[in-house]
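So for the sequence shown, our numbering puts the first residue at 82; every next one is plus one.
Here a beta-carbon is modelled for each residue, glycine too, at the ideal position from N, C-alpha and C.
A quick note: this is a predicted structure, and the numbers were derived from the prediction, not measured.
This report concerns only the one structure given below.
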Amino acid sequence: MASMTGLSQGVMPAGPMRAGRSRLAVVRASAAEGDNVQIASRRAVLGLVATGIAGGALAESALAAAKSIKARDTDLPLKERFYLQPLSPTEAAARAKESAKDIINLKPLIDKKQWPFVRDDLRLKASYLRYDLNTVINSKPKDEKKGLKALAGKLFDTIDGLDHAAKIKSPTEAEKYYAETTSVLGDVLAKLG
Numbered sequence: 082m083a084s085m086t087g088l089s090q091g092v093m094p095a096g097p098m099r100a101g102r103s104r105l106a107v108v109r110a111s112a113a114e115g116d117n118v119q120i121a122s123r124r125a126v127l128g129l130v131a132t133g134i135a136g137g138a139l140a141e142s143a144l145a146a147a148k149s150i151k152a153r154d155t156d157l158p159l160k161e162r163f164y165l166q167p168l169s170p171t172e173a174a175a176r177a178k179e180s181a182k183d184i185i186n187l188k189p190l191i192d193k194k195q196w197p198f199v200r201d202d203l204r205l206k207a208s209y210l211r212y213d214l215n216t217v218i219n220s221k222p223k224d225e226k227k228g229l230k231a232l233a234g235k236l237f238d239t240i241d242g243l244d245h246a247a248k249i250k251s252p253t254e255a256e257k258y259y260a261e262t263t264s265v266l267g268d269v270l271a272k273l274g
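Okay, structure coming up:
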């Protein structure tokens with residue numbers, strides 16, 4: 082009804098409520114004097130925390146600069162940092178032999194049934210092996226290419242079977258495909274020379 086009589090809602094008429102407000106203002110003023118000390122100590126603590134965080138970040142960046150790794154070498158082009166680099170056929174054959182040895186050395190992981198490690202190592206080494214075998218095969222004459230491509234296809238079929246066995250965590254299938262993979266890898270390495 083106050084708005085109908087011409088008084089706005091924000092303006093209170095004078096009366097007994099006014100005395101209570103002045104008491105409240107006095108209490109607030111005396112509390113504000115005690116809060117100044119608390120605010121000063123809070124500011125000091127916040128300043129120390131901010132200084133500690135800034136110092137930690139500065140020390141971390143200094144340590145990172147002192148011990149840089151290849152991922153931080155931004156002066157290299159992207160293709161040299163993140164992609165397999167093309168190698169000459171002889172270098173590719175050497176890396177393919179290393180990858181084949183690493184695949185053969187998965188036997189202890191299969192025996193211990195460490196399936197995530199088997200899958201990860203197998204996939205990594207198989208990708209290098211595939212890339213390097215393709216490089217070597219493309220450098221061979223036409224008459225040798227067909228036989229090597231068929232042998233490489235058979236190899237990667239057995240590697241896929243071994244990967245699937247590790248995925249479903251089947252020791253019997255893993256043993257079967259591991260034996261097939263090692264025999265085909267031996268044939269491929271014999272053809273590479």
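Around L236, the same chain offers V265, V269 as residues with beta carbons nearer than 6 Å, after the five sequence neighbours per side are excluded. Closest by C-alpha distance to A181, out of I240, A246, T253, P197, is I240.
With fewer than 16 other CB atoms across the displayed protein chains lying within 10 angstroms of its CB, A131 is exposed. A straight line joining the alpha-carbon of V199 with that of I120 spans about 59 Å. Between Y258 and I191, the CB-CB gap reaches or exceeds 7 Å.
Straight-line spacing of the CA atoms in E261 and A255 works out to 10 Å. N215 sits in a helix when the DSSP states are folded into three classes. When DSSP states are grouped into helix, strand and coil, S264 belongs to the helix group. The C-beta distance from L232 to K206 rounds to 18 Å, too long to fall under 8 Å, and the pair is not in contact. The continuous alpha helix (DSSP H) containing P189 extends over residues 188-192.
For S180, the uninterrupted alpha helix (DSSP H) segment begins and ends at 170-185. Between I218 and L210, the C-beta gap is not smaller than 7 Å, which leaves the two residues out of contact.
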